[in-house]
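One structure below.
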Amino acid sequence: MLKLFKKSILDLLEPDIRTILFKTVILSLFSIIMIVYMCWTLFNTHQVFDIWLLGPILSWAWGLIALIFGALLLPPITIIIGSIYSDSIVDHIEKKYYPSRLGMRQIKLSELGFSISKNFCITITVNILLAPLYLIGTFFPIISFLIFYSVNGYLIGKELFETVASRHLEMKDRYLLKKQNNSKVIIGGIIMVGISTIPILNLIAAVLGIVFMTHFFHSLALKTEKA
Numbered sequence: 089m090l091k092l093f094k095k096s097i098l099d100l101l102e103p104d105i106r107t108i109l110f111k112t113v114i115l116s117l118f119s120i121i122m123i124v125y126m127c128w129t130l131f132n133t134h135q136v137f138d139i140w141l142l143g144p145i146l147s148w149a150w151g152l153i154a155l156i157f158g159a160l161l162l163p164p165i166t167i168i169i170g171s172i173y174s175d176s177i178v179d180h181i182e183k184k185y186y187p188s189r190l191g192m193r194q195i196k197l198s199e200l201g202f203s204i205s206k207n208f209c210i211t212i213t214v215n216i217l218l219a220p221l222y223l224i225g226t227f228f229p230i231i232s233f234l235i236f237y238s239v240n241g242y243l244i245g246k247e248l249f250e251t252v253a254s255r256h257l258e259m260k261d262r263y264l265l266k267k268q269n270n271s272k273v274i275i276g277g278i279i280m281v282g283i284s285t286i287p288i289l290n291l292i293a294a295v296l297g298i299v300f301m302t303h304f305f306h307s308l309a310l311k312t313e314k315a
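Take 89 as the starting number for the sequence shown in this note's numbering and just add one per residue.
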């Protein structure tokens, strides 16, 4: 798995992948800036506490909250935007490394949109439901750490695996292959979640995750065929 990860990092230097990475970073940053700006503007436009000193203090406090909110949204926003280009990324990697195993099933835009929306909603909902446990985890950091990385590692690993596998396998076969290698898929997801929580590196997490999972899927498929 470490070799595949190193190979995936080097693949980010490929001209086509680099272009997609650049687009993903720019669109992600633009989206976050717009979200923060709209939140801050909305508060200042409809400010309730227009009292001397209190108004400006609340305005700056809300601005800080909006920035923190934007920082928390950056990983999922980056993953969503990166997923838009997932088909192009997988196609490039497969043509370069696995020309005899190209995915024959092109994913429709409507299907991709539904999949992205579904996974995003599930991820957000699950993390909101787990928020009380994260809060408890402030007193016991190891608990919060384990819950966050294991749950999100599972969700992200599953999403990335489905993205690549859906080009090659029907749902039943995808489920079977994932079930046989579930622990490895989760570990791959945990690695990506770890990267997505590191400033600067979180901007490349989505594209790197798709590249990595493409190599990972083909390594599993080849082992299955040999077996």
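Where a beta carbon is used, it is the ideal one built from N, C-alpha and C, also for glycine. Quick caveat: nothing in here was measured; it's all calculated off a predicted structure.
Reduced DSSP category for residue i - H, G, I as helix; E, B as strand; rest coil
i	result
Thr213	helix
Asn269	coil
Leu257	coil
Leu90	helix
Leu296	helix
Thr285	coil
Tyr263	helix
Leu101	coil
Tyr125	helix
Leu67	Only positions 89 to 315 of the chain appear in this structure, which leaves residue 67 out of reach.
Leu308	helix
Leu162	helix
Leu218	coil
Where the alpha helix (DSSP H) containing residue i begins and where it ends
i	result
Gly245	229 to 253
Tyr186	Segment: none, Tyr186 is in no alpha helix (DSSP H) and carries neither H nor E.
Exposed unless 16 or more other CB atoms sit within 10 angstroms - verdict on residue i
i	result
Asp261	exposed
Lys266	buried
Thr166	buried
Leu291	buried
Phe304	buried
Gly201	exposed
Val214	exposed
Phe300	buried
Ala149	exposed
Ala219	exposed
Ala162	Reading off the sequence, residue 162 comes out as Leu, not Ala. Counting Cβ neighbours within 10 Å, Leu162 comes out buried, since at least 16 surround it.
Thr112	buried
Leu289	exposed
Leu190	exposed
Neighbourhood of residue i by C-beta distance below 8 angstroms, restricted to the same chain and skipping five residues each side
i	result
Ser176	Asp104, Ile108
His180	Glu102, Asp104, Ile105
Ser188	none
Same chain only: Cβ atoms within 7 angstroms of residue i, ignoring 5 sequence neighbours per side
i	result
Ile298	Gly170, Ser174, Ile177, Val178, Leu248, Thr251
Ser209	A small fix is needed here, since residue 209 is Cys in this sequence, not Ser. Around Cys209: no qualifying Cβ.
Asp99	Ile105, Ile181, Val299
Cut-off 6 angstroms between Cβ atoms - residues of its own chain near residue i, not counting five sequence neighbours on either side
i	result
His306	Tyr186
Gly245	Val273, Ile274, Gly276, Gly277
Leu115	Ile169
CB contact below 9 angstroms: residue i versus chain C
i	result
Trp128	Looking for chain C here will not work: only one protein chain is present.
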